[in-house]
Structures are given as C-alpha cells and as structure tokens.
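Q: Numbered continuously in the numbering used here, the sequence shown closes out at residue 728.
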Amino acid sequence: MKNIKSPVLFSGIIIFLAFLLHFSYFAVLNRNLLAYQEQIQLFRFSPDYFPDFLSRPGGLSEYAGAFLMQFYVNPTIGALIVTIAAFGIFAICRGLLKKLDIKGVLWPLILVFLLLILQSDYVYYVSYTLGFLSVLVL
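#1: Below 8 Å, can you find three or more Cβ-Cβ pairs linking the segment 707-718 to the segment 654-661?
#2: Which stretch, first to last residue, makes up the alpha helix (DSSP H) that contains Q709?
#3: Between G721, V727 and L726, which has its C-alpha nearest G649's C-alpha?
#4: Using only the alpha-carbon positions, how far apart do K693 and L611 sit?
#5: As an exercise, report each continuous alpha helix (DSSP H) stretch of at least 4 residues that is fully enclosed by the segment 626-659, in chain order.
#6: Confirm, please, whether the CB-CB distance from L623 to S710 is below 8 Å.
#7: Is L687 helix, strand or coil by DSSP?
#8: Below 8 Å between beta carbons: does that hold for A617 and A675?
#9: Have a look at L619, V702 and Q660 and flag the residue whose alpha-carbon is nearest the alpha-carbon of I604.
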C-alpha cells in the first residue's frame with residue numbers, strides 16, 4: 591500500500607511546486623508584464639461593447655480575457671488568474687493523455703512550461719490561453 595501512494599504523493603508535490611513557481615514568477619519576477627497588459631486594455635460595461643466581440647471569431651474568449659485582464663491591477667490576483675488558466679490546461683491535457691494511456695506528469699508540465707514562455711511575452715494575453723482552453727474542452 592505504501593508503494594502505491596508514494597508515486598501519487600510525489601507527483602502531487604511536483605505539481606504543487608510547479609504551479610507555486612508559476613505563480614511566484616508572475617507575482618514577483620514578472621509583475622510589470624501584468625501591469626503593462628492591464629494598462630493597454632480597457633474593459634467597458636456598456637451594452638455596445640459585448641456585441642462587437644461576437645462578430646469576430648474567438649470573440650467570447652477575447653471578451654472573457656478582457657474582463658479578467660482588468661484584475662491585473664493587483665499583481666497577486668493577476669498572477670493567480672494566469673496560474674489558474676495554466677492549471678486548467680494542465681488538468682485537461684493530463685486527462686487527455688490518460689485516455690491515450692500516457693501516464694505521468696512530465697508531458698503536461700512540459701506544455702505548462704511552454705505556456706509560461708508564451709505568457710511571458712508582452713503581446714500574449716490571457717484571452718489566447720482561454721481560447722486554447724476552450725478548444726481543449728470542446
């Protein structure tokens with residue numbers, strides 16, 4: 591029984607540490623990126639704002655990303671939003687890989703690491719991650 595639980599515990603610790611580092615990277619080391627992205631985005635609560643997004647492909651994820659981006663004023667909340675989006679991609683990819691009989695946490699964590707590199711760019715917004723997440727869900 592002890593041999594069965596130790597790999598599960600080890601992989602859980604690895605996942606927790608990976609996403610703690612992901613959160614810390616955006617909350618401490620790369621907080622200026624979140625502030626920059628928040629400053630160039632204006633989310634309006636007017637009735638004319640939402641239909642404009644529906645006329646474009648990917649408009650719903652862009653609208654949701656614009657809504658979430660306004661919370662980047664607080665770097666901790668912004669880092670939490672980016673980390674939760676990355677964890678969603680990790681969880682869905684891990685489930686898809688399990689269906690393909692590929693076990694382990696390395697492959698989904700590699701995808702999260704590549705996503706971290708993308709998220710570190712000033713022109714990569716959370717709406718792109720939400721769009722990728724919606725494609726994986728569907």
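C-beta atoms are modelled at their ideal positions from N, C-alpha and C, and glycine is treated no differently. Computed from a predicted model, the values in this text were never measured in an experiment.
A: Inspection of the coordinates gives the following:
#1: Yes, the segment 707-718 touches the segment 654-661.
#2: L696 to Q709
#3: G721
#4: Using only the alpha carbons, I get a separation of about 23 Å.
#5: 639-644 and 649-659
#6: yes
#7: In this structure, L687 counts as helix in the three-state DSSP scheme.
#8: no
#9: V702
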